[in-house]
Amino acid sequence: MDPLLLAGLGFAIMLVLIALHVPIGIAMGFVGMGGFAMVVGWGPGLTLLASETAATLTNLNLAVIPLFMLMGNLAASSGLANDVYNIAHSFIGHRKGGLATATVLGCGGFGAICGSGVATTATFGRVALPEMLERGYAPSLATGSIAAGGTLGIIVPPSTIMLLYAILTEQFVVELFTAAMIPALLAILCYAGAVRVSILINPSAASEIEKRSFRKRMEALRNGWGVIFLATVVLGGIYSGIFTVNEAASVGVVVAFAFLILRKGINLRELASVLVASATATAMIYVMVFGATIFSYFMAVTDAPSFIVDGIAGSGMSATGVILMLLAMYIVLGAFFDEVAAMIITLPFVIPLVQQFGFDLVWWGIINVIVIEIGMITPPIGINVMVLNAMRRDIGLPTIYRGILPFFAADLVRLAILFAFPVLTLWLPSVLL
Amino acid sequence: MGAHLGEEELNRLQRFTERLAHALALVGFTGLLILAIMVVVDITLRRLFDYPLQGVNDVAAVVMAVVVSACIPNSLLARQNISVDVLGTILGGKAHLAINLFASLAVLLFFALMTWQFIPYAASITARGEQTWVLKWPVGPWWWVATIFFVVAVVAQAMVALVDLRRLMGWENGNAPSHEQGN
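Heads up: the sequence lines are chains A and B, in that order. When we follow my numbering, the leftmost residue of the first sequence carries the number 618, and every step to the right adds one. When we follow my numbering, the leftmost residue of the second sequence carries the number 23, and every step to the right adds one.
The structure is reproduced here in structure tokens:
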């Protein structure tokens, strides 16, 4: 069979398997193995199942992901998220809408020690949501700010998604982390703006609360030193070159573990629960990577990516048109796929295309992460929305989605700015690295 | 009576698999925690006393394969996979249950094939007498441990598929794995 036809057929079979509820990593693995076997024979095809999986298991760059996951879960369990929220609450909580803005800032701060958007959302759903509702905030604004703020977990370094992108596209992860700094600050600013807009539209959505005394503010800062220390050790260590990313992740785990022990004592049951939760999430990502690496082999052997790149390059489409087409594709795929899955499935085609049209892969990585962020709060999948809805069944999905609208608009503004001005993403790495 | 006994044995096997998978995940990530502590000790000794721990990367490379493979059975039992359940939700009823069973069998087949391929892989590494670079630890035994964990993953997924089969056929009284979180 013609390899290109085989690639197309393989892609179609993979989509059918995914529609039939087969986990995306498994669908990619099956098609990758089967397709590769059709080209080079069943022996090598089956061998790929062990050799590629073994290569993934021993990839020390990938080992950073479970370490950061463990660090985030240990930090959340030791109450560091409460601290960062408390600091923001003490300084701006008294303003109208201040608690929602404090939530956004808290999520940004927590994102610096937790690389997962879902974990950030779930943590702030526990930390900030009850207080906002108690203080008379509209459920739409309260949940909207948490769901959107939760997405900061994947744009503020260290980010699991960014690590995955860096590994699969062979980019220098520190460059990606550095490039994400300005977009992450822009995200926090845009979300703070979205809170203001929400209040302008509906002034009764937020209340004003009493201002905390100077002493209380200083107390919050004193109590919150842990999160500042952890973020400084991990990110400072990476950016200053004192630690490699793997070392920084290990140091982060040990520091977060020390906080858990110091604050809560040795609670074996809680520690076991943190370890098992981190293990389960790690396995989920690894299974996806097993499939993605096997699938990439199949794609490479059929030469389908270069065929697509040549086809689009020959069509006369402009570079901007290509990027807009890719963004539109991700929005459409986002209606059916988890956005991370959409990224992983399409990387074998998209990366050669982005490279062919002269775009920087670090810049594209940040744009890709922002598209994933948008997918986390938009229907029908909107994982952060689902997490909040699961935590508070009394707050319906329409209410949460209504609350998200200003944040969604803020995301589109941010995407447009970063698309129009790549220098905002690429300047910092060019100066620091 | 016979059917009832069969169900009891099945439930017992299911509970045993759950406990084993949970224990493996716990052991695996405890190993990761210990590895992180080793790295920190290495950094401290290296920076302060110019006396690094020998072979930390050696240990990491072999331990990570065991750590990750230890996590997989629990993740499978908890159905923690990134998947799309749109078609099943739309169709509902028996069709949804049939789709779930198909997906579970696909996962089972994938892990069964992978485990089958891991046996000659681990055997070849053992036969070649591969060792780590610095500590000269034999690599083979670690891959055999990882392969055994993959066997446990296959058993765990078989339990998941069995639960889905019983649901489809209407044989069960809702005995899903106790920590199944759905997807």
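Cβ coordinates follow ideal geometry from the N, Cα and C atoms, glycine included. Given the structure is predicted, the values throughout are model-derived calculations rather than measurements.
As a quick exercise: from A:Arg1010, A:Ala764 and A:Leu697, pick the residue whose alpha carbon is nearest that of isoleucine 1024 (chain A).
In the first sequence, residue 1024 (chain A) corresponds to position 407, counting from 1. A small correction: the amino acid at residue 1024 (chain A) is phenylalanine; isoleucine does not occupy that position in the sequence shown. Comparing Cα-Cα distances from phenylalanine 1024 (chain A) to each of A:Arg1010, A:Ala764 and A:Leu697, the minimum goes to A:Ala764.
Please confirm whether valine 1048 (chain A) has its beta-carbon closer than 8 Å to some beta-carbon of chain B.
Looking up residue 1048 (chain A) in the first sequence gives position 431. Chain B, which has no Cβ nearer than 8 Å to the Cβ of valine 1048 (chain A), makes this no.
How about methionine 901 (chain A): is its C-beta nearer than 8 Å to some C-beta of chain B?
Here the question's residue 901 (chain A) lines up with position 284 in the first sequence. Cβ-Cβ to chain B under 8 Å: yes for methionine 901 (chain A).
State the Cα-Cα distance for the pair isoleucine 989 (chain A) and glutamate 827 (chain A), rounded to the nearest angstrom.
For the purposes of this step, residue 989 (chain A) is taken as residue 372 along the first sequence, with counting starting at 1. For the purposes of this step, residue 827 (chain A) is taken as residue 210 along the first sequence, with counting starting at 1. Distance between the alpha carbons of isoleucine 989 (chain A) and glutamate 827 (chain A): 37 Å.
Please list, in chain order, the residues of the region 850-873 of chain A that have any C-beta partner in chain B closer than 8 Å.
Phe860, Asn863, Glu864, Ala866, Ser867, Val868, Val870 and Val871
Residue burial classification, leucine 113 (chain B) (beta-carbon count within 10 angstroms, cutoff 16)
Working through the second sequence from its first residue, we reach residue 113 (chain B) at position 91. It is exposed - the Cβ of leucine 113 (chain B) has fewer than 16 other Cβ atoms within 10 Å.
Which parts of the region 694-730 of chain A are runs of the alpha helix (DSSP H), unbroken and 4 residues or longer, counting only runs that do not cross its ends?
697-709 and 715-728
Tell me which residues share the same chain as phenylalanine 860 (chain A) and place their Cβ nearer than 7 Å to its Cβ, disregarding the 5 neighbours each side in the sequence.
As a working mapping, residue 860 (chain A) is identified with position 243 in the first sequence. Answer for phenylalanine 860 (chain A): Gly854 and Val868, listed in chain order.
May I ask you to list, following chain order, the residues of the region 39-59 of chain B that have a beta carbon less than 8 Å from some beta carbon of chain A?
His44, Ala47, Leu48, Gly50, Phe51, Thr52, Leu54, Leu55, Leu57, Ala58 and Ile59
Within 10 angstroms of its Cβ, does aspartate 1028 (chain A) collect 16 or more other Cβ (buried), or is it exposed?
As a first step, residue 1028 (chain A) must be located in the first sequence, where it is residue number 411. Aspartate 1028 (chain A) comes out buried.
Partner residues on chain B for threonine 675 (chain A), Cβ-Cβ distance less than 8 Å:
Against the first sequence, residue 675 (chain A) aligns to sequence position 58. Simply Ala83, Val84, Met86 and Ala87.
Kindly indicate if chain B contains any beta-carbon less than 8 Å away from that of threonine 777 (chain A).
For the purposes of this step, residue 777 (chain A) is taken as residue 160 along the first sequence, with counting starting at 1. False, the Cβ-Cβ gap to chain B never drops below 8 Å.
Around the C-beta of valine 1040 (chain A), are 16 or more other C-beta atoms found within 10 angstroms, so that it is buried, or is it exposed?
Start at 1 with the first residue of the first sequence, and residue 1040 (chain A) comes out as number 423. By the neighbour-count rule (16 or more Cβ atoms within 10 Å), valine 1040 (chain A) is not buried but exposed.
Glutamine 153 (chain B) (DSSP reduced to helix, strand or coil)
Position 131 of the second sequence, counting from 1, holds the residue named residue 153 (chain B). Looking at glutamine 153 (chain B) - three-state DSSP - the assignment turns out to be strand.
Pull up the distance between the alpha-carbon of valine 850 (chain A) and that of serine 105 (chain B), whole angstroms please.
Within the first sequence, the letter at position 233 stands for residue 850 (chain A). Within the second sequence, the letter at position 83 stands for residue 105 (chain B). Using only the alpha carbons, I get a separation of about 36 Å.
Backbone CA spacing between alanine 1033 (chain A) and isoleucine 984 (chain A) [nearest angstrom]:
As a working note, residue 1033 (chain A) is residue 416 in the first sequence. As a working note, residue 984 (chain A) is residue 367 in the first sequence. Straight-line Cα distance between these residues: approximately 10 Å.
By Cβ distance, which residues of its chain are closer than 6 Å to leucine 626 (chain A), with the 5 residues on each side in sequence left out?
Sequence index remark: in the first sequence, residue 626 (chain A) carries index 9 (1-based). Excluding sequence neighbours, leucine 626 (chain A) sits near nothing in its chain.
Give, in chain order, every residue of the region 101-126 of chain B whose Cβ lies closer than 7 Å to some Cβ of chain A.
Gln102, Asn103, Ile104, Ser105, Val106, Asp107, Val108, Leu109, Gly110, Ile121, Asn122, Phe124 and Ala125
By the three-class DSSP mapping on this structure, what secondary structure does proline 160 (chain B) have?
Locating residue 160 (chain B) in the second sequence gives position 138, counting from the first residue. Strand, per DSSP.
On the criterion of 16 or more Cβ atoms from any shown chain inside 10 Å, does glutamine 76 (chain B) qualify as buried, or is it exposed?
The residue you call residue 76 (chain B) lines up with position 54 of the second sequence. It counts as exposed.
Just the chain B side, please: which residues come within less than 8 Å of methionine 905 (chain A) by C-beta, in chain order?
Taking the first residue of the first sequence as 1, we reach residue 905 (chain A) at position 288. The contacting residues are Ile104.
Nearest-angstrom Cβ-Cβ length linking glycine 715 (chain A) and valine 701 (chain A), presumed shorter than 8 Å
Along the first sequence, one-based indexing puts residue 715 (chain A) at 98. Along the first sequence, one-based indexing puts residue 701 (chain A) at 84. About 15 Å separates the two Cβ atoms, so there is no contact after all.
Among B:Gly53, B:Arg37, B:Pro163 and B:Val78, which one has its Cα closest to the Cα of isoleucine 683 (chain A)?
Taking the first residue of the first sequence as position 1, residue 683 (chain A) is located at position 66. One detail in the question is off: residue 683 (chain A) reads as proline in this sequence, not isoleucine. Selected option, being the one with the closest Cα: B:Gly53.
So, under 8 Å CB-CB, asparagine 1001 (chain A) and glycine 734 (chain A) are touching, yes? Tell me the CB distance rounded to an integer number of Å.
Position 384 of the first sequence, counting from 1, holds the residue named residue 1001 (chain A). Position 117 of the first sequence, counting from 1, holds the residue named residue 734 (chain A). Indeed, because the Cβ distance is near 6 Å, the residues count as touching under 8 Å.
Give the residues from the region 136-152 of chain B that approach chain A closer than 7 Å (Cβ to any Cβ), ordered along the chain.
Met136, Gln139, Phe140 and Tyr143
By how many angstroms is the C-alpha of arginine 188 (chain B) removed from the C-alpha of glycine 982 (chain A)?
On the first sequence, position 365 is the one that residue 982 (chain A) refers to. On the second sequence, position 166 is the one that residue 188 (chain B) refers to. Approximately 44 Å between the Cα atoms of the pair.
What's the C-alpha gap between threonine 995 (chain A) and tyrosine 1018 (chain A)?
As a working note, residue 995 (chain A) is residue 378 in the first sequence. As a working note, residue 1018 (chain A) is residue 401 in the first sequence. C-alpha separation (whole angstroms): 8 Å.
Using the beta-carbon count (16 or more within 10 Å), is aspartate 1011 (chain A) buried or exposed?
Here residue 1011 (chain A) refers to the residue found at position 394 when the first sequence is read from its first residue. Aspartate 1011 (chain A) should be labelled exposed.
Can you give me the Cβ contacts of glutamate 792 (chain A) inside the same chain, cut-off strictly under 7 Å, excluding the 5 residues immediately before and after it?
On the first sequence, position 175 is the one that residue 792 (chain A) refers to. So the list reads Val979, Pro1046 and Leu1050, once near-sequence residues are dropped.
Report the residue from A:Leu950, A:Leu1035 and A:Lys833 whose alpha carbon sits nearest the alpha carbon of isoleucine 998 (chain A).
The residue you call residue 998 (chain A) lines up with position 381 of the first sequence. Comparing Cα positions, the closest option is A:Leu950.
Which residue wins for smallest C-alpha separation from serine 935 (chain A), given the options A:Phe907, A:Val971, A:Ala921 and A:Thr919?
In the first sequence, counting from the first residue as 1, residue 935 (chain A) sits at position 318. That would be A:Val971, whose Cα lies nearest to the Cα of serine 935 (chain A).
Applying the criterion that 16 or more other CB atoms from any shown protein chain within 10 Å of the CB defines a buried residue, is aspartate 64 (chain B) buried or exposed?
Your numbering for residue 64 (chain B) matches position 42 in the second sequence. It counts as buried.
On the premise that phenylalanine 653 (chain A) lies in contact with glycine 662 (chain A), defined as a C-beta separation below 8 Å, what is that separation, rounded to the nearest angstrom?
Here the question's residue 662 (chain A) lines up with position 45 in the first sequence. Here the question's residue 653 (chain A) lines up with position 36 in the first sequence. Contact holds; Cβ gap of about 5 Å.
Using alpha carbons as the reference points, say which of A:Ser707, A:Val656 and A:Ile968 lies closest to isoleucine 940 (chain A).
Here residue 940 (chain A) refers to the residue found at position 323 when the first sequence is read from its first residue. It is A:Ile968 whose Cα lies nearest to the Cα of isoleucine 940 (chain A).
Taking just the CA atoms, how far does alanine 783 (chain A) sit from phenylalanine 789 (chain A)?
Start at 1 with the first residue of the first sequence, and residue 789 (chain A) comes out as number 172. Start at 1 with the first residue of the first sequence, and residue 783 (chain A) comes out as number 166. Taking the straight line joining both Cα atoms gives about 6 Å.
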